[in-house]
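S.K.:
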Amino acid sequence: MLLSSSQDVVSVIPIVGMGGLGKTTLAKLVYNNQKINGHFTKKIWVCVSENFDVMGLFRLILESLTSTKVELENRDTVVQKIRKQLEGERYLLVLDDVWNENPELWEDFFRSLVGLNAANGTWCLVTTRLLKVASIVTSNPPYLLGKLSDNDCWNILIEKAIAGEKVPEELNSMRKEIVKRCRGLPLSSNVIGGLLRIKKKEEWQSILENWLLNKSGDTNSIEQILKLSFDHLPSPSIKKCFAYCSTFAKDTEIDRDLLIELWMAEGFLQTDLITETSMEEIGENYLTILLESSLLEEIRYSWEVYYTMHDLVHDLAISVSKSDSINLESGVNSSTYEPLKLFENRSMSVRAMSLQSSISGDLLWKFKNLHILKLSGAGIRELPTAIGKLIHLRFIDLSNFVIQMLPESLCKLYNLQTLRMLHCNNLKALPKGMNNLISLRHLHYYSYDANFQMPLEMGRLTCLQTLEFFNVGLDKGYQMEELGCLNDLKGKLEIRNLELVKDKEGAEKANLIGKPHLVALEFLWSSTNREIDNCDEDVLEGLQPHPNLQNLCITNFMGDQFPHWFTRVHKLVSLKLSCCRRCRELPTALGHLPSLQYLEFVKLENIRSIGVSFYKRGDNCSSSNSSKVSRKLFPALETLRLVDMDNLVEWIGPEDNVFPKLEKLIIQNCSQLTSAPSYFPRLKELEIWKNDNVSAVKSILSKATRTLWKLTITGMAGLTCVSDIVATPSENNYGTLPNLKHLSLSNCPNLTSTRGCGTCLETLDLFGCDSLKELSEDMSGLHYLTIRRCSKIVINPKEMQNLTNLEWLIISGCDGLTYVPGDMLNSCTSLWSLEVYNCPNLVSFPLDLQQTPSLSNLKLIDCPKLKTNMTPKGFGFLTNLRELEIGPFSDEGKVQPSKWAGVAQDFSYS
1 MLLSSSQDVV SVIPIVGMGG LGKTTLAKLV YNNQKINGHF TKKIWVCVSE NFDVMGLFRL
61 ILESLTSTKV ELENRDTVVQ KIRKQLEGER YLLVLDDVWN ENPELWEDFF RSLVGLNAAN
121 GTWCLVTTRL LKVASIVTSN PPYLLGKLSD NDCWNILIEK AIAGEKVPEE LNSMRKEIVK
181 RCRGLPLSSN VIGGLLRIKK KEEWQSILEN WLLNKSGDTN SIEQILKLSF DHLPSPSIKK
241 CFAYCSTFAK DTEIDRDLLI ELWMAEGFLQ TDLITETSME EIGENYLTIL LESSLLEEIR
301 YSWEVYYTMH DLVHDLAISV SKSDSINLES GVNSSTYEPL KLFENRSMSV RAMSLQSSIS
361 GDLLWKFKNL HILKLSGAGI RELPTAIGKL IHLRFIDLSN FVIQMLPESL CKLYNLQTLR
421 MLHCNNLKAL PKGMNNLISL RHLHYYSYDA NFQMPLEMGR LTCLQTLEFF NVGLDKGYQM
481 EELGCLNDLK GKLEIRNLEL VKDKEGAEKA NLIGKPHLVA LEFLWSSTNR EIDNCDEDVL
541 EGLQPHPNLQ NLCITNFMGD QFPHWFTRVH KLVSLKLSCC RRCRELPTAL GHLPSLQYLE
601 FVKLENIRSI GVSFYKRGDN CSSSNSSKVS RKLFPALETL RLVDMDNLVE WIGPEDNVFP
661 KLEKLIIQNC SQLTSAPSYF PRLKELEIWK NDNVSAVKSI LSKATRTLWK LTITGMAGLT
721 CVSDIVATPS ENNYGTLPNL KHLSLSNCPN LTSTRGCGTC LETLDLFGCD SLKELSEDMS
781 GLHYLTIRRC SKIVINPKEM QNLTNLEWLI ISGCDGLTYV PGDMLNSCTS LWSLEVYNCP
841 NLVSFPLDLQ QTPSLSNLKL IDCPKLKTNM TPKGFGFLTN LRELEIGPFS DEGKVQPSKW
901 AGVAQDFSYS
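Position 424 of the sequence shown, counting from 1, maps to 424 under UniProt numbering, and the rest follow consecutively.
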């Protein structure tokens with residue numbers, strides 16, 4: 001339904017069902033669907049609170065669009081900013097967990113939403129437990145989410161509990177009663193399965209029997225099932241950690257590291273001295289238990305991990321928590337002092353404080369037992385020196401501060417474990433005495449300035465685990481040896497100014513090979529404008545990391561060759577080499593790395609050939625002996641980028657057993673490349689920029705014609721048609737790409753035809769192809785067509801008559817275009833956006849657009865030879881037309897803009 005054409009500006013679909021039935025899960029599946037991503041130009045997800053006003057809802061929408069906190073109080077300003085984001089766009093808006101039943105509020109909201117001038121086909125998906133809400137927000141019938149069958153409930157429970165193992169007979173014997181208690185709710189099945197997962201099988205029967213025999217209260221309710229899971233958490237500490245999650249607002253995505261650091265600060269985590277398990281590791285174990293219990297849900301964005309809670313689980317966390325935290329939003333009172341003064345009489349008992357307003361030192365020091373202080377986004381320009389008196393502080397968050405200096409008194413907080421200063425871009429320096437913070441474990445601060453001076457003798461912070469960057473200095477106390485004692489460092493570390501390290505021994509003092517918890521390293525030399533006689537090779541040799549490393553990036557390295565330790569880092573997932581201008585060959589035998597998924601080479605200007613050594617150790621890798629290669633090379637590689645390698649001439653490789661998983665290949669600005677391998681059996685996306693050699697591309701595609709679905713070619717003078725780069729089945733047939741869906745051809749001056757792109761094409765973008773006169777082949781599946789600066793293009797109606805699925809057509813800067821055939825537009829029954837502009841010789845445009853009733857956006861501008869021959873009356877049947885921009889015309893005197901004002905909501909005459 002969401003992918004079908006809609007005559008409404010904003011269509012609404014309510015998903016209705018009881019709590020725990022999976023409304024949000026279903027909405028997320030829709031929201032993240034690949035077809036949805038391609039259909040909507042923008043997507044917005046908003047979690048709606050139980051008590052909200054229209055202004056608050058629009059503020060949340062703007063925050064979702066901009067990914068920034070919105071403090072604006074003027075509704076018109078907020079709506080105008082949203083309009084700039086969404087005007088002319090077809091978007092999907094999800095309003096999750098709606099409770100408000102006020103019809104006036106929703107009428108006000110949707111009236112403003114319609115006024116944003118979005119494209120037709122915009123949808124709003126609403127999840128709610130209340131049928132009344134569904135009837136208020138739309139007259140469309142709601143999607144009533146039904147309960148699961150007993151079999152489905154059982155399958156979910158078993159998958160969660162034992163994940164593929166054989167079901168114990170004791171459990172099978174209670175199947176009927178168990179699924180009955182689940183009441184068809186996936187959340188109930190997940191939670192019961194999670195409860196069993198964290199318990200020994202010997203305990204299952206007694207737990208389930210006690211639950212099934214318990215007749216008191218409503219033991220079938222989802223709330224009771226959740227409480228049962230909570231009661232069986234293995235320890236009081238885990239229960240405290242779960243309850244602490246109630247301090248976050250509903251639907252918050254909680255950063256994993258942040259959550260563990262807060263648990264530590266509250267004292268919920270203690271180092272196990274017997275097993276030498278750290279607090280962080282214990283916290284990770286607790287998270288695993290809560291995930292397996294289905295009390296938390298995990299969300300991953302690339303390398304970042306977040307957790308969220310179902311709203312019913314959040315309700316449980318609130319009911320079992322006894323938090324003494326203070327949460328004060330800015331603007332509670334005009335005075336800085338009044339809100340906090342309310343708590344002065346119990347200041348000694350307050351352990352956590354979150355402020356979004358200023359605070360004086362006289363008041364702050366009274367909260368002497370604070371463990372957690374959050375001042376993130378408070379707009380404070382100066383931190384009171386009295387902070388040094390809060391000696392029990394374990395956690396400070398100063399993120400988004402505009403502060404330039406921190407008080408030296410901060411360095412008296414000997415119990416401080418975590419200091420967060422994300423996005424503190426104005427900070428000039430860290431306090432000089434930071435090496436006194438002997439308990440500091442996590443320093444979340446990043447400066448882009450390579451000249452930012454690190455605090456003296458950071459090596460004294462032996463507990464430190466999180467350090468985002470280290471700028472090497474010349475003087476003692478700022479050199480590589482400071483990293484040597486920090487063996488607990490984890491996550492990512494960026495080391496800059498490596499030109500100041502004079503030899504291998506100096507680099508080895510960092511002891512990177514002894515840091516098993518570092519998963520990402522970035523090595524940077526300050527520039528490439530250095531003397532030829534340098535020690536970069538020796539330094540890089542001394543920077544050998546632990547084999548656990550997963551991500552490595554090297555920039556401005558000026559050695560002739562790379563060290564051999566690359567192939568010893570067996571867990572490496574991503575490798576980027578940039579601006580290594582003197583290197584004569586790539587690192588050897590990278591093809592043997594079993595986990596490498598991403599490989600990028602940028603501005604390696606001295607590389608002339610990619611050959612045998614790139615793939616493997618040993619003898620020649622040519623076709624004569626490629627059959628002898630039994631082990632697959634680059635077994636996990638998915639993406640390969642070659643960028644700005646100006647002198648790269650040849651790229652050779654084996655004819656098989658290589659790149660079995662490579663799906664994306666980008667060759668950008670490698671103008672001298674004349675040859676390339678021919679074995680890319682799973683290639684899906686290919687981008688070629690500024691390379692005239694057709695044969696190299698043809699070689700790449702020789703085994704990928706049926707797998708390729710996206711092709712981008714820019715600046716290829718030798719290309720005359722797409723079939724030039726496709727292997728020809730026989731001499732009498734043109735080669736094609738039968739599964740190609742997205743094709744972009746730019747600045748190909750000799751391209752005359754699009755023949756060879758197949759019949760499955762959905763998106764075609766043509767730019768700067770001055771020899772192209774017409775399009776070809778059956779393009780009945782085309783949804784988006786853009787033709788720009790193709791000076792000789794002539795639209796042939798016979799070739800375009802099957803464009804029944806075309807939704808978006810842009811024609812711009814086409815000097816040779818004299819008319820747009822009416823027959824073509826009559827076939828475009830799904831067209832909702834048509835833009836024709838800057839076509840100086842266009843003299844005729846079809847007046848009959850009755851076959852395109854879905855047209856929402858029409859722009860006909862900067863075509864000076866075009867005569868109007870149009871009247872407002874002729875557009876009366878375009879009932880969905882929302883945006884109309886026309887002119888100037890050669891006979892512009894006939895145009896009376898005032899008469900066109902009612903044709904579309906947004907009309908302009910240039």
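The beta-carbon is built from N, C-alpha and C at its ideal position, and this holds for glycine as well.
Can you tell me which of the three DSSP states V629 falls into?
M.R.: With a pLDDT of 44 at V629, under the threshold of 50, the modelled position of that residue is not reliable, and no figure is offered here.
S.K.: As an exercise, report each continuous beta strand (DSSP E) stretch of at least 3 residues that is fully enclosed by the region 589-672, in chain order.
M.R.: 598-602, 639-643 and 664-668
S.K.: On the criterion of 16 or more Cβ atoms from any shown chain inside 10 Å, does Q417 qualify as buried, or is it exposed?
M.R.: buried
S.K.: Report yes or no: do the region 513-525 and the region 553-563 share at least 3 C-beta pairs separated by less than 8 Å?
M.R.: Using a C-beta cut-off of 8 Å, the region 513-525 makes contact with the region 553-563, since at least three inter-stretch Cβ pairs fall below that distance.
S.K.: If you reduce the DSSP assignment to three classes, tell me which class E522 lands in.
M.R.: strand
S.K.: In the structure shown, what three-state DSSP assignment does S746 receive?
M.R.: The three-state reading of DSSP puts S746 in strand, counting E and B together.
S.K.: Rounded to the nearest angstrom, how far is the Cβ of V133 from that of W99, given a contact under 8 Å?
M.R.: 7 Å
S.K.: Starting from A243, trace the beta strand (DSSP E) in both directions and tell me its first and last residue.
M.R.: No beta strand (DSSP E) holds A243; the alpha helix (DSSP H) holding it covers P236 to Y244.
S.K.: Please determine, among T705, N151, I387 and V649, the residue with the shortest C-alpha to C-alpha distance to E685.
M.R.: T705
S.K.: Three or more C-beta pairs under 8 Å: does that hold for the region 231-248 against the region 283-292?
M.R.: yes
S.K.: In whole angstroms, what separates the C-alpha of I391 from that of C463?
M.R.: 18 Å
S.K.: What are the start and end residues of the alpha helix (DSSP H) that includes K227?
M.R.: Unbroken alpha helix (DSSP H) run through K227: I222 to D231.
S.K.: For the beta strand (DSSP E) holding C47, just list the boundary residues, first then last.
M.R.: K42 to C47
S.K.: Report the three-state DSSP secondary structure of Y31 (helix, strand or coil).
M.R.: helix
S.K.: Would you mind stating whether K773 and C760 have Cβ atoms separated by less than 8 Å?
M.R.: no
S.K.: In chain order, what are the residue ranges of uninterrupted alpha helix (DSSP H) at least 4 long that sit wholly in the region 463-530?
M.R.: You should have 481-484 and 504-508.
S.K.: Rounding to the nearest angstrom, what Cα-Cα distance links P142 and I136 in this structure?
M.R.: Using only the alpha carbons, I get a separation of about 11 Å.
S.K.: Between the alpha carbons of G816 and G559, how many angstroms are there, rounded?
M.R.: 53 Å
S.K.: Starting from K160, trace the alpha helix (DSSP H) in both directions and tell me its first and last residue.
M.R.: D150 to I162
S.K.: For L648 and I607, which I take to be in contact (beta-carbon distance under 8 Å), what is that distance rounded to the nearest angstrom?
M.R.: Indeed, because the Cβ distance is near 6 Å, the residues count as touching under 8 Å.
S.K.: Could you give the distance in angstroms between the alpha-carbon of L440 and the alpha-carbon of L393?
M.R.: 11 Å
S.K.: With a threshold of 8 Å, are at least 3 pairs of Cβ atoms found where one atom belongs to the region 590-603 and the other to the region 571-582?
M.R.: yes
S.K.: Where does C721 sit, in a helix, a strand or coil, going by DSSP?
M.R.: It is a strand residue.
S.K.: Quick check on this structure: which residue in N497, W123 and C485 has the alpha carbon closest to the alpha carbon of A450?
M.R.: N497
S.K.: Candidates R256, L766, M779 and L803: which alpha carbon is nearest G791's?
M.R.: First, the amino acid is wrong: residue 791 is Ser here, not Gly. Of the candidates R256, L766, M779 and L803, the one whose C-alpha sits nearest the C-alpha of S791 is L766.
S.K.: DSSP puts A352 in a beta bridge; with which residues?
M.R.: According to DSSP, which records beta bridges pairwise, A352 is partnered with I372.
S.K.: Whole beta strand (DSSP E) runs in the region 831-862 with 3 or more residues, listed along the chain?
M.R.: Under the rule that a run must span 3 or more residues, the beta strand (DSSP E) segments found entirely inside the region 831-862 read 833-837 and 857-861.
S.K.: Kindly provide the ranges of any alpha helix (DSSP H) runs that are 4 or more residues long and lie completely inside the region 175-215, ordered along the chain.
M.R.: 175-182, 186-197 and 201-213
S.K.: Please classify T714: does DSSP put it in a helix, a strand, or coil?
M.R.: The answer is strand: DSSP assigns T714 an E or B state.
S.K.: Ignore the nearest five residues each way along the sequence and tell me which others in R197's own chain have a CB closer than 7 Å to its CB.
M.R.: K160, A161 and E292
S.K.: Tell me whether residue 923 is buried or exposed, calling it buried when 16 or more other Cβ atoms sit within 10 Å of its Cβ.
M.R.: The structure shown has nothing for residue 923, since the chain only spans 1 to 910.
S.K.: For N691 versus C670, is the C-beta spacing smaller than 8 Å?
M.R.: The Cβ atoms of N691 and C670 sit closer than 8 Å to each other.
S.K.: When burial is assigned at 16 or more other CB atoms within 10 Å of the CB, is P563 buried or exposed?
M.R.: Buried is the call here.
S.K.: Which partner residues does R300 have in the DSSP bridge list?
M.R.: V305
S.K.: At what residues does the alpha helix (DSSP H) containing H546 begin and finish?
M.R.: It is not in any alpha helix (DSSP H) - H546 carries neither H nor E in the DSSP assignment.
S.K.: Does the region 822-840 come into contact with the region 800-808, if we say contact requires no fewer than three beta-carbon pairs (one atom in each stretch) closer than 8 Å?
M.R.: yes
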